[in-house]
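Enquirer: Sequential numbering from 1 applies to the sequence shown in this note's numbering.
Glycine included, every Cβ here is placed at the ideal spot set by N, Cα and C.
Starting off with a structure, shown below.
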Amino acid sequence: MSSDPEEIKARVVVHGADADADADAEWARPELEAFHLPSTSQPPHLFHPPHPEPEAAEQSTPAPAVAAATTNNASGSPPPPRSPPPAPLETEQLPPNAKPPADEKPPPPAPAAALRDLFRFADGLDRVLMAVGTLGALVHGCSLPVFLRFFADLVDSFGSHADDPDTMVRLVVRYAFYFLVVGAAIWASSWAEISCWMWTGERQSTRMRIRYLQAALKQDVSFFDTDVRTSDVIYAINADAVIVQDAISEKLGNLIHYMATFVAGFVVGFTAAWQLALVTLAVVPLIAVIGGLTAATMGKLSSKSQDALSSASNIAEQALSQIRIVQSFVGEQRVAQAYSAALAVAQSIGYRNGFAKGLGLGGTYFTVFCCYALLLWYGGHLVRGHHTNGGLAIATMFSVMIGGLALGQSAPSMAAFAKARVAAAKIFRIIDHTPGITKEGVELESVTGRLELRNVEFAYPSRPDTPILRRFSLSVPAGKTIALVGSSGSGKSTVVSLIERFYDPSSGQIMLDGVELKDLKLRWLRSQIGLVSQEPALFATSIRENLLLGREEASQVEMEEAARVANAHSFIIKLPDGYDTQWGSAACSSPAARSSGSPLPVRCSRTRPSSSWTRPPARWTPSRRSSCRRRWTAS
């Protein structure tokens with residue numbers, strides 16, 4: 001890489017006190033310090049803002065900003081002389097991802113979303129699909145009670161026209177045609193119900209997922225520190241979106257279908273023989289209660305069975321993933337015994353589940369047939385008293401019973417809507433949230449790379465009462481390299497986060513070429529800064545695509561040169577597919593690949609006016625740290 005100062009205008013290098021002794025012994029300091037990296041002709045100059053004593057705080061003046069003093073570092077420079085420990089900067093040992101204490105109460109859950117909000121992503125085509133699906137569900141739900149009404153007339157014609165075969169045959173042919181019409185209506189309506197509702201559900205949920213991810217990516221970092229966890233975002237995409245989709249697609253069609261069956265069944269029953277319909281209505285709750293108890297018992301046992309199987313699966317997963325450790329301690333037999341014990345628990349629950357299922361199913365059918373016996377006896381009594389005929393009695397009995405059972409079957413769909421409203425509230429909370437950091441601003445025509453922090457004060461949003469930086473000032477002249485050295489949690493990475501504008505300071509100014517960062521367009525600002533983190537951030541794609549994320553238009557030669565600067569080219573070319581090897585494959589899981597894996601090639605593929613480098617990974621050897629530092633500083 002070229003050393004032209006127009007390419008890398010300024011650098012901020014972050015080192016921790018836990019760095020390797022051979023490579024970083026002279027850089028380690030107890031608190032956060034800033035100094036220019038030395039050249040071969042001039043020793044380093046250490047800068048630290050003076051910190052007033054508590055008694056003299058009112059008489060002290062603000063610390064001057066750090067001034068430029070040296071040029072870029074060259075390899076082989078003599079170690080800097082030890083200087084007296086400066087007054088410590090007011091910092092707190094708090095990591096950026098600090099969490100609130102456990103005794104703090106969690107925020108109250110968000111209220112459930114309104115039913116109409118579940119369809120906020122529906123467009124014109126979705127409304128047409130929902131209308132057709134609703135019509136299909138209504139026809140599908142009413143078809144069975146209507147069929148029973150035709151069936152009642154057919155049964156009655158057998159008895160009333162027994163002495164007139166021609167009339168009876170003519171009526172049978174007519175009702176057979178009616179049955180064909182009902183069958184065709186069921187086929188068309190069921191197709192319209194299921195296909196239209198599932199189609200629109202897929203369309204709306206896809207649109208919702210895209211909007212959700214776009215909104216999550218636009219949020220500032222502080223939002224994930226205080227309002228939502230990253231795992232919640234992933235769970236919302238994988239689980240909450242599925243819950244909403246299930247409710248607004250198939251479950252909604254089923255709900256309309258079952259409610260139509262309930263209404264049509266009771267209408268047919270009470271218009272045919274209202275006395276028998278009342279008796280049927282009295283026995284339906286008994287069947288529903290027994291069925292509900294059976295379903296609840298089986299649900300609890302199934303949940304316990306899944307938990308037991310999950311425990312057994314975890315034992316096997318841990319043993320197989322750490323097979324070397326298991327075999328080194330000769331623990332195969334103990335793992336097998338633990339796995340067998342976990343399966344024995346699942347087996348016992350399975351026995352109970354089978355017994356409960358058989359008992360519940362048998363009890364339900366027994367209750368149903370007892371109710372049939374009662375209704376047939378009472379129906380016969382009504383027919384004998386000439387209050388109705390046999391066909392209407394049978395139609396009434398089955399119509400009301402089917403309608404009552406349909407009402408019970410609609411309960412899961414109603415429960416799905418309750419869950420969907422809660423899940424949708426979590427999703428809409430992210431979509432409707434406005435980021436705290438403004439993204440609009442100006443773009444500078446040219447950038448020299450001069451960075452300046454003036455009296456910056458900052459505390460992480462998760463712990464606003466614990467300040468990290470107090471009246472911190474730092475100047476990074478164009479073309480210079482500045483090192484921030486301090487113990488873990490002293491604020492080194494915090495300074496980089498503020499420069500990247502992951503957070504905004506509580507007070508003070510951060511300026512690029514004399515313009516405050518808040519006035520710059522956020523996307524443009526971050527495109528001017530190259531950040532190299534301590535730990536690799538690699539995506540599950542090829543190594544080539546990972547490197548080109550830094551600069552998509554980079555050539556093969558530039559990409560390989562970036563890998564050489566990162567000291568990674570030698571192991572990449574030894575992989576089976578070279579730069580086309582998929583990261584995360586078996587080849588990339590080798591010890592050499594893991595020890596050499598680095599985000600530096602991604603950074604080195606970029607040409608930015610400013611760049612920031614946190615300390616190298618702890619697994620690197622001292623020679624590798626020194627080599628990469630020299631290459632990076634010279635690039």
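(1) Take the Cβ of residue 561 as the centre, count every other Cβ of all protein chains shown within 10 Å, and call the residue buried at 16 or more, exposed below.
(2) Using only alpha-carbon positions, find the residue among 385, 501, 318 that is nearest to residue 437.
(3) Please give me, in chain order, every unbroken run of the alpha helix (DSSP H) with length at least 4 that falls completely inside the region 386 to 417.
(4) Is it buried or exposed for residue 532, if we count other Cβ within 10 angstroms and need 16 for buried?
(5) Considering only the beta carbon of each residue, do residue 637 and residue 151 sit closer than 8 Å?
(6) Unbroken beta strand (DSSP E) runs of length 3 or more, entirely within the region 413 to 483: which are they?
(7) Based on the DSSP secondary-structure assignment, which residues constitute the bridge partners of residue 542?
(8) Please state if the CB of residue 256 and the CB of residue 364 are separated by a distance shorter than 8 Å.
(9) State the Cα-Cα distance for the pair residue 481 and residue 529, rounded to the nearest angstrom.
(10) Among the candidates 416, 258, 262, 442, whose CA atom is the shortest distance from the CA of residue 246?
(11) In or out: residue 280 buried (at least 16 other Cβ within 10 Å) or exposed?
(12) Comparing alpha-carbon positions, which option in 125, 258, 430 lies nearest residue 406?
(13) If you draw a straight line from the C-alpha of residue 251 to the C-alpha of residue 232, how long is it?
(14) At the level of alpha carbons, what is the spacing between residue 268 and residue 146?
(15) Which one or two residues does DSSP pair with residue 509 in a beta bridge?
(16) Identify the continuous alpha helix (DSSP H) that holds residue 383 and give its terminal residues.
(17) Going by DSSP, which residues form a beta bridge with residue 516?
(18) Cα-Cα, which of 160, 241, 194 is closest to residue 424?
(19) With 16 other CB atoms within 10 Å as the buried threshold, where does residue 381 fall?
(20) Below 8 Å between beta carbons: does that hold for residue 448 and residue 469?
(21) If I measure Cβ to Cβ from residue 508 and keep anything under 6 Å in the same chain, skipping five residues before and after, which residues do I get?
(22) Quick one: grab the DSSP three-state call for residue 178.
(23) Quick check: what's the CA-CA separation for residue 137 versus residue 158?
(24) In whole angstroms, what separates the C-alpha of residue 188 from that of residue 135?
(25) Between the region 335 to 349 and the region 368 to 383, can you find at least three pairs of beta-carbon atoms closer than 8 Å?
(26) Taking buried to mean at least 16 other C-beta atoms within 10 Å of its own C-beta, is residue 308 buried or exposed?
(27) What do you reckon, are the CB atoms on residue 385 and residue 397 nearer than 8 Å?
(28) Could you have a look at residue 551 and say whether DSSP puts it in helix, strand or coil?
(29) Please classify residue 332: is it buried, with 16 or more other beta-carbons within 10 angstroms of its beta-carbon, or exposed?
(30) So, under 8 Å CB-CB, residue 288 and residue 142 are touching, yes? Tell me the CB distance rounded to an integer number of Å.
(31) Residue 223 and residue 435: beta carbons closer than 8 Å?
(32) Using only CA atoms, which one of 248, 527, 261, 282 lies nearest to residue 444?
(33) Among the residues of its own chain, which have a CB less than 6 Å from the CB of residue 441, if the five just before and after it don't count?
(34) Using the rule of at least 16 other Cβ atoms within 10 Å of the residue's Cβ for burial, across every protein chain shown, is residue 197 buried or exposed?
(35) Buried or exposed for residue 567, please, with buried defined as at least 16 other CB atoms from any protein chain shown within 10 angstroms of its CB.
(36) Take residue 271 as the anchor and find which of 474, 516, 149 has the nearest alpha-carbon.
Expert: Inspection of the coordinates gives the following:
(1) buried
(2) 501
(3) 390 to 409
(4) buried
(5) Nothing about residue 637 can be read from this structure; the chain reaches only from 1 to 635.
(6) Counting whole runs of 3 or more residues, the region 413 to 483 contains the beta strand (DSSP E) stretches 451 to 458, 469 to 476.
(7) 582
(8) no
(9) In this model, residue 481 and residue 529 are separated by some 14 Å (Cα to Cα).
(10) 416
(11) buried
(12) When each option's Cα is compared against that of residue 406, the closest is 258.
(13) 25 Å
(14) 7 Å
(15) 454
(16) For residue 383, the enclosing alpha helix (DSSP H) starts and ends at 332 to 384.
(17) 511
(18) 241
(19) exposed
(20) no
(21) 454, 455, 456, 457
(22) helix
(23) 33 Å
(24) 11 Å
(25) no
(26) buried
(27) no
(28) coil
(29) In summary, residue 332 is exposed, with fewer than 16 beta-carbon neighbours lying within 10 Å of its beta-carbon over all protein chains present.
(30) With 8 Å as the limit, residue 288 and residue 142 do not qualify as a contact, their Cβ atoms being about 21 Å apart.
(31) yes
(32) 527
(33) Excluding residues up to 5 positions away in sequence, 519, 520, 521 lie with their Cβ nearer than 6 Å to the Cβ of residue 441 in the same chain.
(34) buried
(35) buried
(36) 149
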